[in-house]
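K.L.:
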Amino acid sequence: MQWRSGRELRETFLAFFEEKDHRRFPSFPLIPDDPTLLFTIAGMVPFKPYFMGKRKPDFNRATTAQKCVRTNDIDNVGRTARHHTLFEMLGNFSFGDYFKSGATAFAWEFLTSRVGLDPDRLYPTIFKDDEEAFNIWNSEIGVPAERIHRMGEEDNFWSVGPVGPCGPCSELIYDQGPSFSCGRPDCGVGCECDRYLEVWNLVFMQYNRLDDGTLEPLPRQNIDTGMGLERLSSVVQQVSGDFETDLFRPLVDRSCDICGIRYGADKAGDMAARVISDHFRATAFMIADGVLPSNEGRGYVLRRILRRAVRFGRLCGVRKPFLMDLYPVLIEVMGEPYRELSDQRALIEQVIGLEEARFGRTLEQGLGLLEREIGSMAAAKGHVLSGEVAFELYDTFGFPLELTEEVCQESGIAVDRDGFGVEMEKQKERARAGARLTAGSFRGTVFDRIREEYGATDFRGYVSDTVETEVIALVRDGERTGRAEEGEEILLVLSDTPFYGEGGGQAGDRGTIKGDNFSANVLDTLKHAGDLIVHRAMIVSGTVEEMAKVEARVELPRRRSIKAHHTATHLLHEALSRVLGDHVAQAGSLVTDEFLRFDFTHIKPLNRDEINRVENMVNGQVLMNTPLDVMETDMDSARSMGARALFDEKYGERVRVVSVPGFSTELCGGTHVDATGDIGPFRIIREEGIGAGVRRITALAGAPCLGYFRKITDTLAELESTLSVPTDLLGQKVAELLEENRSLNSEAVRLRTGAALSRVDELLKERIQAGPVSVVTARYDGIGADTARSVGDSIKRKIEGVVIVIFTVSGENTLIIAMADKAAVSLGADCVKIVKKISGELGGGGGGRPDMAQAGVKNTSGLDKAIRNTPDMVLSILAEKN
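Every number in the working numbering is 9 more than the matching position in the sequence shown, counting from 1.
#1: Quick one: what's got a C-beta closer than 7 Å to leucine 23's C-beta in the same chain, skipping five residues either side?
#2: Mind checking tryptophan 12: buried by the 16 CB within 10 Å criterion, or exposed?
#3: Determine the direct distance from the alpha carbon of phenylalanine 37 to that of leucine 18, and round the result to whole angstroms.
#4: Between asparagine 822 and glycine 854, what straight-line distance do the alpha-carbon atoms span, to the nearest angstrom?
#5: Count the other CB atoms within 10 Å of the CB of leucine 747; is the residue buried (16 or more) or exposed (fewer)?
#6: Can you say whether isoleucine 721 is buried or exposed, counting buried as having 16 or more other CB atoms within 10 angstroms of its CB?
#7: Use the C-beta contact count for glutamine 630: other C-beta atoms within 10 angstroms, 16 or more gives buried, fewer gives exposed.
#8: Beta-carbon within less than 8 Å of glycine 449's beta-carbon, same chain only, minus the 5 sequence neighbours each way: which residues are those?
#9: Given that a residue counts as buried once 16 or more other Cβ atoms are within 10 Å of its Cβ, and exposed if not, what is glycine 375?
#10: Taking Cβ to Cβ, would you say valine 342 is nearer than 7 Å to proline 228?
#11: Taking all protein chains shown into account, decide if proline 55 is buried (16 or more other Cβ within 10 angstroms of its Cβ) or exposed.
#12: From the DSSP secondary-structure annotation, give me the bridge partner or partners of glutamine 515.
#13: Out of curiosity, what's the CA-to-CA distance linking glutamate 662 and proline 41?
#14: Can you tell me whether DSSP reads leucine 301 as helix, strand or coil?
#15: Please go through the region 299-380 and give each complete alpha helix (DSSP H) segment of 4 or more residues, from N-terminal end onward.
#16: If we count Cβ pairs, one from each stretch, closer than 8 Å, do we get three or more for the region 691-699 versus the region 666-677?
#17: Just to confirm, is the Cβ distance from aspartate 287 to arginine 91 under 7 Å?
#18: Less than 6 Å between C-beta atoms, sequence neighbours within five positions excluded: which residues of the same chain meet that for glutamate 934?
#19: Quick one: using the 10 Å Cβ neighbour count with 16 as the cut-off for buried, is alanine 282 buried or exposed?
#20: Could you tell me the boundaries of the alpha helix (DSSP H) in which leucine 589 lies?
#21: Leaving out the 5 sequence neighbours to the left and right, which residues in its chain are closer than 8 Å to threonine 413 when beta-carbon positions are compared?
#22: Do you know offhand how far leucine 446's Cα is from arginine 545's?
#23: Which class does serine 450 belong to by DSSP, given the choice of helix, strand or coil?
#24: Given a threshold of 16 other Cβ atoms within 10 Å of its Cβ, counted over all protein chains shown, does alanine 829 qualify as buried or as exposed?
#25: Could you tell me which whole alpha helix (DSSP H) segments of length 4 or greater appear in the region 729-792?
#26: Are valine 476 and alanine 561 closer than 7 Å when you measure CB to CB?
#27: Return the CA-CA distance between aspartate 657 and cysteine 417, expressed in angstroms with no decimal places.
#28: If you scan the region 217-270 from start to end, which runs of the beta strand (DSSP E) of 3 or more residues do you find wholly inside it?
#29: Ends of the alpha helix (DSSP H) at proline 58?
#30: According to DSSP, which residues form a beta bridge with cysteine 77?
#31: Going by other Cβ atoms of all chains shown within 10 Å of its Cβ, with 16 needed for buried, is lysine 572 buried or exposed?
#32: Straight-line CA distance for phenylalanine 104 to valine 152?
#33: So, for glycine 689: in the same chain, excluding its five sequence neighbours on each side, which residues have a beta-carbon less than 8 Å away from its beta-carbon?
#34: Would you mind listing the alpha helix (DSSP H) stretches within the region 608-694 that are 4+ residues and don't spill past its ends, in chain order?
#35: Cα-Cα, which of Phe166, Ile270 and Leu339 is closest to cysteine 178?
#36: Starting from threonine 113 and walking both ways along the alpha helix (DSSP H), at which residues does that stretch end?
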């Protein structure tokens, strides 16, 4: 068998299947077009609609080398020779063309003839009841019966879920030889050791599993195969594991250089090098495909692996940011087939640099807290870290839960995941407080039954703002009701409607619904299951009954303003992409009649020049007054037009495409202006960060924008009059006033600090002895934290073995600062415990280090008592230590 590089093997595979009339596709993005998946986890994922029969391809055979991310074994990455976060899956696929005989013949030919594997060392496995597969391997391929192994459903039967397409599979196992064996007498095919290594999995999709578990034949039989490039490379290159291949070893060696270790010298160093090389590779690919760090979903996975890599670097003594030092090696190894790594270098560098710096600032503090907790548990013979501590590490220090678990595991300690979940739910509940009624509130309710009975609502608002229709359902308190009377708020469903239901970020319409015997104001319009439109209405006169004939009329001025802001959002999205780069992706939006809000992926704040360029580009399109093109088409045609698919939207087979010709094209079901000139003036009024890697723009269009300009003009005129300077000198005048204010504030701080320090000798005379340490307490009104710390430092210079607790009061708020010198800390003083006990009694919270901590409280009623009790509290803490 000839040695081949991973790059050669990748190209050999794709070229082989091209020769076999397969269409070669480039790797699809890691972010799949599938709401059920976080990442592309297999080569078949991009073709899932074809396997499921939802779309019909214009090809029968396909082949890919697909980048994939799997997250179910992240903690094992680095511990074994074959676990990875990101890997390449080589695959060939048939859609109703060849089946078992063709798939097995192709696999055998490729491995034995093209790659040169010894056929006597290949062992096919089959599903235990698949006689057809056995006969093909035995009779057509010529594999002896004793080398064909039958396996159960767990190993050799694949399904997309509990119901749906499924079928038996056949794996090709390669015998790497006795040197890879676990040594057990029963070591053979199916053993968990590395001797008998699964190389290729061939899935024969031939059944559809029904709800009752029965299998019925599919009308079209399909083939889905997958072979890990890293694993194939390890076999062909005859090395002990994937990290030894030319796809990984250069990254491993560079990791060792950075960490100052030698690969193979010890297990801990080897694990660190594997973790760093694997996680950096995955991190770079994920960022290049638009994933940015966050606390949920894909972003959480990215943050978790990035921070895990940083932590292993820290274990090796690396204190500075280092991950981008591996970037040149990654480009050398994988840059040719994956151009996005080079194209997105600036973004990758920015994201990794920012995340490393952010985590680096809290890593030592978090590890210190965790190590202290582990030490305390060891002394108390405890075995489970509390959920509260795990959540504090997550919330305050940015430790992913899994990182905390991994550190604890090294000391034989478990983490209370349930307790962590309780704390997380408390935080989410706080965030949900005050949330208003949304379409999500209707899931699994009476509206499901209404939709089953009447079908989707016919939305006619694209062409008309008034519709003659009928009431098909009235809902009150989650139940159908036959009628609603004056003064009642009710949910109405109409057979057809001009009202747009909230969706795609666009606010729902308002207006009126009137019949012969009643009138109702529509307060909001929502959607259920995407296509049942629900009107929230107040009956202002008369009585409405189901099946009543009505006139539904949209509030037109509000609709016009919403349309202007929605089309402006499309222009803004495109302008941001052109100014900032292709990595910009929508992460959320809100379109109302008063403003638009647009969330997008970008790693740093926009500067004034970038904001101006974006604004000018949008207003330029407005001035061109370009008529919009709106059309319905199929998804494949829309993609071929370059249409953007927007955040968190689910699309059917037929989609609506909204285009500003020559500028932007998006899939969108919302309402829009006829021409860009109808938008009116556009202005960005705020740009801010709302999370790591996500920015938010708030902007105005049309009449609200004119109102904003008028307000600004009025404010400038008022300032001009008040300050007695012309408008063009206002900036200079404000700068002078700010400088004068800064000077006065500095002088005030100097005077307050001097006055506070003048009390030091008096405070020392009043100190109270608490066992082996002295305790100094003081209350100050109106001083800042820096001044309070200056007082504490002055006291520590004058006396040893001292704990200082200073209460600074400003209005309703009190800041508690505790300080202790080295001698006091060595005797058991702990400022963190001191401030937590005091603030806990006063309804506050805080933290810090044993030698200095602070807390904030808003309840000042018990302050005098807390000051009096401080020495006794310190004494009790010392007693705990000793």
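Note that the Cβ used here is the ideal one computed from N, Cα and C, for glycine as well.
P.N.:
From the atom records:
#1: Position 14 of the sequence shown, counted from the start, is the residue given in the question as residue 23. Here the set comprises Arg33, Thr72 and Ala74.
#2: The sequence position of residue 12 within the sequence shown is 3, counting from 1. Exposed is the call here.
#3: Along the sequence shown, one-based indexing puts residue 18 at 9. Along the sequence shown, one-based indexing puts residue 37 at 28. Between leucine 18 and phenylalanine 37, the C-alpha separation is close to 19 Å.
#4: Taking the sequence shown and counting its residues from 1, the one referred to as residue 822 is at position 813. Taking the sequence shown and counting its residues from 1, the one referred to as residue 854 is at position 845. Taking the straight line joining both Cα atoms gives about 13 Å.
#5: As a first step, residue 747 must be located in the sequence shown, where it is residue number 738. Classification for leucine 747: exposed.
#6: Taking the first residue of the sequence shown as position 1, residue 721 is located at position 712. By the 10 Å Cβ count, isoleucine 721 comes out exposed.
#7: If you number the sequence shown from 1, residue 630 lands on position 621. The residue is buried, with at least 16 neighbouring Cβ atoms inside 10 Å.
#8: Reading the sequence shown from its first residue, position 440 is the one you call residue 449. Because glycine 449 sits at a pLDDT of 42, beneath the cut-off of 50, its placement in the model cannot be relied upon, and the point is left open.
#9: Along the sequence shown, read from residue 1 onward, the residue named residue 375 stands at position 366. By the 10 Å Cβ count, glycine 375 comes out buried.
#10: Reading the sequence shown from its first residue, position 333 is the one you call residue 342. Reading the sequence shown from its first residue, position 219 is the one you call residue 228. No, Cβ-Cβ distance for valine 342 and proline 228 is not below 7 Å.
#11: To locate residue 55, count along the sequence shown from 1; it is residue 46. Buried, since its Cβ has 16 or more Cβ neighbours within 10 Å.
#12: What you label residue 515 is simply residue 506 of the sequence shown in a count that begins at 1. BP columns for glutamine 515 point to Gly512 and Val600.
#13: Mapped onto the sequence shown, residue 662 falls at position 653. Mapped onto the sequence shown, residue 41 falls at position 32. Cα-Cα distance, rounded: 17 Å.
#14: Locating residue 301 in the sequence shown gives position 292, counting from the first residue. Of the three classes helix, strand and coil, the one that applies to leucine 301 here is coil, per DSSP.
#15: 306-324, 336-343 and 349-352
#16: no
#17: Along the sequence shown, one-based indexing puts residue 287 at 278. Along the sequence shown, one-based indexing puts residue 91 at 82. Not closer than 7 Å, so no.
#18: No answer is possible for residue 934: it lies beyond the span of the chain, which begins at 10 and ends at 891.
#19: Taking the first residue of the sequence shown as 1, we reach residue 282 at position 273. Buried, because 16 or more other Cβ atoms sit within 10 Å of the Cβ of alanine 282.
#20: Translated into the one-based positions of the sequence shown, residue 589 becomes position 580. 565-589 is the span of the alpha helix (DSSP H), which, as asked, contains leucine 589.
#21: As a working mapping, residue 413 is identified with position 404 in the sequence shown. Cβ neighbours of threonine 413 beyond the five flanking positions: Leu379, Leu394, Ala399, Leu402, Tyr403 and Val424.
#22: Here residue 446 is taken as the residue at index 437 of the sequence shown, counted from 1. Here residue 545 is taken as the residue at index 536 of the sequence shown, counted from 1. Because leucine 446 carries a pLDDT of 40, less than 50, the predicted location of this residue cannot be relied on, and the following value inherits that uncertainty. Computed Cα separation, rounded: 10 Å.
#23: On the sequence shown, residue 450 is found 441 positions in, with the first residue counted as 1. Only weak support is given to the placement of serine 450: the predicted model assigns it a pLDDT of 42, under 50, and the value that follows is read from those uncertain coordinates. If DSSP states are grouped into helix, strand and coil, serine 450 belongs with the helices.
#24: On the sequence shown, position 820 is the one that residue 829 refers to. So alanine 829 ends up on the buried side.
#25: 739-766 and 769-774
#26: What you label residue 476 is simply residue 467 of the sequence shown in a count that begins at 1. What you label residue 561 is simply residue 552 of the sequence shown in a count that begins at 1. Cβ atoms of valine 476 and alanine 561: closer than 7 Å.
#27: Within the sequence shown, the letter at position 648 stands for residue 657. Within the sequence shown, the letter at position 408 stands for residue 417. Low local confidence applies: a pLDDT of 45 at aspartate 657 is under 50, so the model's placement there is unreliable, and no value is given.
#28: 224-237
#29: For the purposes of this step, residue 58 is identified with residue 49 of the sequence shown, where counting begins at 1. From DSSP, the alpha helix (DSSP H) with proline 58 extends over 57-60.
#30: In the sequence shown, counting from the first residue as 1, residue 77 sits at position 68. In the DSSP output, where bridge partners are listed per residue, cysteine 77 has Phe96.
#31: Counting from one through the sequence shown, the residue named residue 572 turns up at place 563. Looking at its Cβ environment, which holds 16 or more other Cβ atoms inside 10 Å, lysine 572 is buried.
#32: Residue mapping note: residue 104 aligns to position 95 of the sequence shown, counting from 1. Residue mapping note: residue 152 aligns to position 143 of the sequence shown, counting from 1. Each residue's Cα considered, the two are about 27 Å apart.
#33: Counting from one through the sequence shown, the residue named residue 689 turns up at place 680. Excluding sequence neighbours, glycine 689 sits near Ala573, Val631, Ala710, Gly711, Ala712, Cys714 and Leu715.
#34: 617-633 and 644-649
#35: The sequence position of residue 178 within the sequence shown is 169, counting from 1. Nearest C-alpha to cysteine 178: Phe166.
#36: Within the sequence shown, numbered from 1, the residue matching residue 113 stands at position 104. Per DSSP, threonine 113 belongs to the alpha helix (DSSP H) from 109-118.
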